[in-house]
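Read through the structure below, which is laid out as structure tokens, and then see the notes.
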Amino acid sequence: MPFVITALRDLGTGSRLLGRGFALVLGNRRLLVRGALPALLTSVLLFAGLTGLALTAGDLVAWATPFADDWSQTWRVLLRVGTGIALVIGAVALSMVLFAALTLIIGSPFYESIAEEVEDRELGGVPSAQEIGWGRAAWIGLRDGVLLVVRALLWAIVLFALGFIPVLGQTVVPVLAVCVGAWLLTIEMTAIPFVRRGVSLRDRRRALRSNRAMTLGFGIPVYLLCLIPFAALVVFPAAMAGGTLLAHRFSAGAPSGRR
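Take the sequence shown: its letters are residues 23 to 281, numbered as in this note's numbering.
Take a look at the structure:
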């Protein structure tokens, strides 16, 4: 029972950090516009890609399940609907990570300035903070993005396979997909503030694993809100501000859930 209470408290803390990020960017139009521009470009690309997938999902599912052609109509429909759901879930999980990676690469100077302003105003600055610069930020974003997209692709394959399991594929798998997508998205959204502190991708993942509940409390709302078409124009700047606060909490070396 104490474990459940602690986990719920940390989930709430992660969500409140995102809420604080929203308050910061909505209270400062410059931060909002600065973070919305890169997200606008990648939102258009993402929306077009997912729309295309939705329009062709039926044909893709039929192509992937030729063995069901001779089944009864009821079981064939159930299988193909479940497979279609799994395909869309896996594609969304992969596209969200790809979206975050591309947005951060394109808009790295904008998001670094957001992180820097949040750190200066809310956290009193970061001693010995590293100036990243667009070239280095783009390289770090590309390198980390490729690694995370590969992980997302592997998870998409696993989730697609699990989607064939009746009931489980339509209940547990969507929840698991959201958690995986939220986790990978949080790794992306904390990249700039962690890199400014000289923290590598491996150490970033280790820091976030130190309190999974707080990480998911932050990441799950970001993930779900970004599923709304073009909501990322507001969510992404807020998530960068909130992710900066989250990175500070973990990198400060405080006990889990205490800061």
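Yeah, the Cβ is synthetic: ideal placement off N, Cα and C, and Gly gets one too.
Can you give me the C-alpha to C-alpha distance between residue i and residue j, rounded to a whole angstrom?
i: Leu67; j: Leu255; result: 13 Å
i: Thr35; j: Trp161; result: 32 Å
i: Val202; j: Thr208; result: 10 Å
i: Ala183; j: Leu100; result: 15 Å
i: Leu268; j: Trp97; result: 47 Å
i: Arg143; j: Ala263; result: 11 Å
i: Tyr133; j: Pro60; result: 9 Å
i: Gly56; j: Phe44; result: Reading off the sequence, residue 56 comes out as Arg, not Gly. The straight-line gap from Cα to Cα measures roughly 14 Å.
i: Pro88; j: Gly104; result: 15 Å
i: Pro243; j: Asp92; result: 42 Å
i: Gly129; j: Val168; result: 17 Å
Count the other CB atoms within 10 Å of the CB of residue i; is the residue buried (16 or more) or exposed (fewer)?
i: Trp205; result: buried
i: Arg219; result: buried
i: Ile127; result: buried
i: Pro277; result: Low per-residue confidence applies at Pro277: pLDDT is 39, beneath 50, and the placement is therefore not dependable, though the value from the model is reported in the following sentence. So Pro277 ends up on the exposed side.
i: Leu238; result: buried
i: Pro24; result: exposed
i: Pro188; result: exposed
Under a three-way DSSP split, which group does residue i fall into?
i: Thr212; result: coil
i: Trp177; result: helix
i: Leu249; result: coil
i: Arg280; result: The predicted position of Arg280 is uncertain, since its pLDDT is 37 and thus under 50; a value taken from the coordinates is nonetheless stated next. Three-state result, Arg280: coil.
i: Arg219; result: coil
From which residue to which residue does the alpha helix (DSSP H) around residue i run?
i: Phe132; result: Ser130 to Glu144
i: Arg227; result: Leu223 to Arg231
With a threshold of 7 Å between beta carbons, is residue i in contact with chain C?
i: Arg234; result: Considering every chain present, this structure includes no chain C. It has just one protein chain.
Taking 6 Å as the cut-off, does the CB of residue i come closer than this to any heavy atom belonging to the ligand PLP?
i: Ile187; result: Among the components of this structure there are no ligands whatsoever, and the ligand PLP is therefore not found.
For this session: Could you name each continuous alpha helix (DSSP H) segment of 4 residues or more that falls completely within the stretch 92-119, going from the start of the chain to the end?
Result: none
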